[in-house]
Amino acid sequence: MIFATIGLFSTACNVTKHLDESKGEQLVIKNKLELEFPGKVSLSDKTALQYELDDLYKIKTNEVILRMFRMRLSLYYNYKDKDKRFARWIMKKFAEPPALYNQGLTEKTVSNFVNYMHNRGYFDATCTYENDTLEHHKVTTTYRLRTGERYMVDAVTWTSRDSAVLDLLTAGKGVSLLKPGSPLDGQLFEREKIRITETLKNAGYAYFVPNFIEFLGDTVGSRAKVTIDLLTPTDSTDHPTYTFGSVQVYTSLVPDVIAIRRDTAIDGVYYASADKQFSVKPHKLRREIFIRPGATYSQADIDRTARNLNALGTYRFVSVRPYQDSVDENQQNVVVSLTPNQRLSLGWNVELNTSYSSASSQLIGVSGGVNFRNNNVFGGAENWTSDLSYGLEFDLANPEQLIFSQEVSFNNQLTFPRFFDYLGWWKNLHAFRVGSWRPYSDKKYQRLKNEATTRLNLNYNYLELIDFYNYNLINATFGYNLSASPGRQVSIDLAGLDVLQPTLEPRFDSLYGDNDFYTLSFQEQLFTGVFFRDFNMNIYTNPNKFGEHNFFRFGAELSGLEVEIANELWGAAFQHEEWAIGPLEFANFFRLNLDGGYIREYHNGITLATRIGAGIVRPYGGTPVTPYVKQFYIGGPSSLRAFRIREIGPGGFQDPLAPTDPPFYQSADFRFEFNAELRFPLFLALKGAVFVDGGNVWSVTQEDPRPFSQLEWNSYRQIALGTGFGARIDVEFFVLRFDFGLPLRKPRDAGGFWIPYFTEEKLSFNDFTLNVSVGYPF
């Protein structure tokens, strides 16, 4: 195997021997682009322009691994003349033909660069190129692009023969993308065309298209007076406006082909089905259809209807098709065709994973489960999902007690595709105002009513760490899901109840039984919420012109506020003890958690990914310590990969029991961590990465008995650091990740934070921490 690998890499390194010197074949090994601007240009603008131009090379260089191996090109030469099935598969999936130098294609690249710059407003741009030949058969091509001065918009004028169209657009010209000072950028002009077209299509102009928009310009020097001319269909007619005519919704049938067996009309909308019963009751479906007979034609209403019907999950195929009425030429009839999904489905899954635990060096986990789905429970497109799973973890480091843990989970969710106002909470919040200010605007309230889905969750989880502890956790919530905008997902739980019943086994009790922090953290507790339980928001942006995108995650959780207020009022009025349900204590805490990330993707397959996050949780009222399951910890495959889960912190605390089993059970009230990772392609689906992770957790309260655990002004000195490298098998449907983390800096109460691998000690493979996981860490 070793010799085969060496041979493959040697062949990949020496692919130029296959070039035909009699034909003058030369391999292009590098394309370089040098930009020359007439004045100062910011680094960000220059980088963005190079990123955009990178797609315009007509000769793409071959993929290189470790700056020297052209593995895919090597596969091309090894298999191109073979006619076996395996060879054809290699040629189709993995092989890459040589990037041979061609003067015609090089000059085409020059033309591409110049044309692109003209389109972006650099009308005086010129480009030249030169080749640098290495070893007679390798070529580096350098392109020198002189941009010249960019032309700008001096003034904007609107004209049209159609006065109605002109009045509509000039009334809102303040939102136009073309303004004095804007560049004469073709991309900007195209976006303005789209904006104008969308505006008119949503105002009744059903057949208005971008071709009716013409931009005219008169330049003086590098300044241009731009005229936006809105053309008419002919010289003598204006653009017609339309209203919605008939709206017909067909389920499981094609009109005039399949017989209608059930039909009805609601609010002027006609519903028909080929079945005896509607799969979704029409009065339930009406909420998802925003097209109103007699209303002004709006493309946005059509798109919104299609989007909402698809989001139900009840239909496999959704079509919303407008067409002109044959009698009234100013009406657009609409046909909505729906093909139902299979109502009931049953599935199963099996997973095998390797992980490292806070109480063991290496674990092998096996889990399996069944899942059930009903896409239309009550005939109103309600979705019910149930998942039942069971998993075992085996401790390979302890053959005498092979089973390390077992877990059972049973999760159920019922989703209603409509909004229920729980106790009039949102109505009252919307009605509340102070002067002209209100916390929930009309627009937000209407969007919530129209687009939010309501869900009920009932979950059960049992986890047992053999000989340490086990717990039963029952969770029930009532809340909403809302796609606030593309790339923004919001979930809110108004009401929630969690019952936590932990049991400490004798072995755990013998180690930590005298520590009040642990015993109070593992009490039997109730987590409650009546008007608010938790809020989560996830935001993901699309890549911009630099190949950059960001993500942001925010979570807030509150437990016990209503009970605390009731206890205070009850105690003040009747001098009664606080409420409790048997041995269960009401847990009072609030928890905030946020993470933000920046990802930059380069054209050569290299990706830079960064993340920073923090969180805080605090008990209040009669709760002395935050429940253990709600505290923060770091370490592990998706955190500080050089350390085990819960190995670090809090602060500089060193657990005197850490050398024994179990070593790592640390958590605290405050979390701070950051990660940076450079990802790059290696070979085929194999990718590599190098990373740096840092962070720690701290206690906010001074009552924590663990020395050096409190958060203070100089706590930055207790940040742990780790680095490492990784390999990822990245195929279309999953990513299998191997990360080897190396500790660099570990908080210690006595100082000496940096770990002396390269001075006092020799670095060995045992110093690395292996993490095996599925998916990217962030």
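Counting in this note's numbering, the sequence shown runs from 7 upward without gaps.
For glycine and all other residues, C-beta sits at the position ideal for the given N, C-alpha and C.
Quick caveat: nothing in here was measured; it's all calculated off a predicted structure.
By the beta-carbon neighbour count (other beta carbons within 10 angstroms, threshold 16), HIS142 is exposed. In the DSSP assignment, no residue is bridged to SER169. For HIS555, the secondary structure class from DSSP, reduced to helix, strand or coil, is strand.
Sixteen is the threshold: when 16 or more other Cβ atoms of the shown chains lie within 10 Å of the Cβ of PRO625, as they do, the residue is buried. Within its own chain, the residues whose Cβ lies closer than 7 Å to the Cβ of TYR248, once the five positions on either side in sequence are excluded, are GLY210, ALA212, TYR303, ASN336, GLN337 and GLN338, listed in chain order. For the pair ALA562 and PHE596, the CB atoms are nearer than the 9 Å cut-off. Here ARG617 is buried, its C-beta having at least 16 other C-beta atoms within 10 Å. Of PHE678, TYR634 and VAL181, the smallest CA-CA separation from ILE654 is found for PHE678. The count of Cβ pairs closer than 8 Å, one atom from the segment 105-114 and one from the segment 169-183, stays below three, leaving the stretches out of contact. Non-local beta-carbon contacts of GLN724 in its own chain, meaning distances under 6 Å to residues more than five positions away in sequence, involve GLY657, GLY658, ASN702 and PRO753 in chain order. DSSP lists LEU464 and LEU503 as the beta-bridge partner residues of ALA482. In the DSSP assignment, ASN542 is bridged to SER497 and GLY561.
For the pair SER395 and PHE378, the CB atoms are not nearer than the 9 Å cut-off. Secondary structure note for ASP51: its alpha helix (DSSP H) is the uninterrupted segment 49-59. Taking 9 Å as the cut-off, the Cβ atoms of VAL341 and THR320 do not count as close. Of ARG298, GLU399 and GLY621, the smallest CA-CA separation from VAL372 is found for GLU399.
Leaving aside the five residues that flank TYR446 on each side, the residues in its chain whose CB is nearer than 6 Å to its CB run, in chain order, LEU435 and HIS436. Spanning the alpha carbons of ARG444 and ASN487 requires a straight line of approximately 22 Å. Annotated three-state conformation of VAL116 is helix, per DSSP.
Closest option to PHE296, judged by alpha-carbon separation, among SER332, GLU457 and ILE545: GLU457. In the structure shown, the three-state DSSP call for PHE92 is helix. Across the structure, GLY154 and PRO44 are spaced so that their CA atoms are roughly 6 Å apart. DSSP places LYS693 within a strand segment (E or B) once states are collapsed to three. Take TYR157, set aside five residues on each side of it, and the residues of its chain with a beta-carbon closer than 8 Å to its own are GLY127, TYR128, PHE129, PRO189, LEU190, THR225, SER228, ARG229 and ALA230, in chain order.
Within the same chain, TRP390 and LEU462 come within 6 Å of LEU420 by CB-CB distance, once the 5 residues on both sides are set aside.
Annotated as distal: TRP431 and PHE552, with beta-carbon spacing of 9 Å or more.
If you ignore the 5 residues before and after SER325, its C-beta comes within less than 6 Å of the C-beta of SER343, all in its own chain and listed in chain order. The criterion of a C-beta distance shorter than 9 Å is not satisfied by LEU39 and LYS144. For GLN452, the enclosing alpha helix (DSSP H) stretches over residues 448-457. In the same chain as ARG150, and ignoring 5 residues on each side of it, the C-beta atoms closer than 6 Å to its own belong to GLU40 and THR134, in chain order. Under the three-state reduction of DSSP output, ARG723 falls in the helix class. Between the segment 272-279 and the segment 253-264, the count of C-beta pairs closer than 8 Å reaches three or more; the two stretches touch. DSSP links ILE587 through a beta bridge to LEU590. Residue pairing for THR534: DSSP places it in a beta bridge opposite LEU503.
Rounded to whole angstroms, the Cβ separation of PRO299 and PHE250 is 6 Å, and the two are in contact under 8 Å. For GLY192, the uninterrupted alpha helix (DSSP H) segment begins and ends at 192-207.
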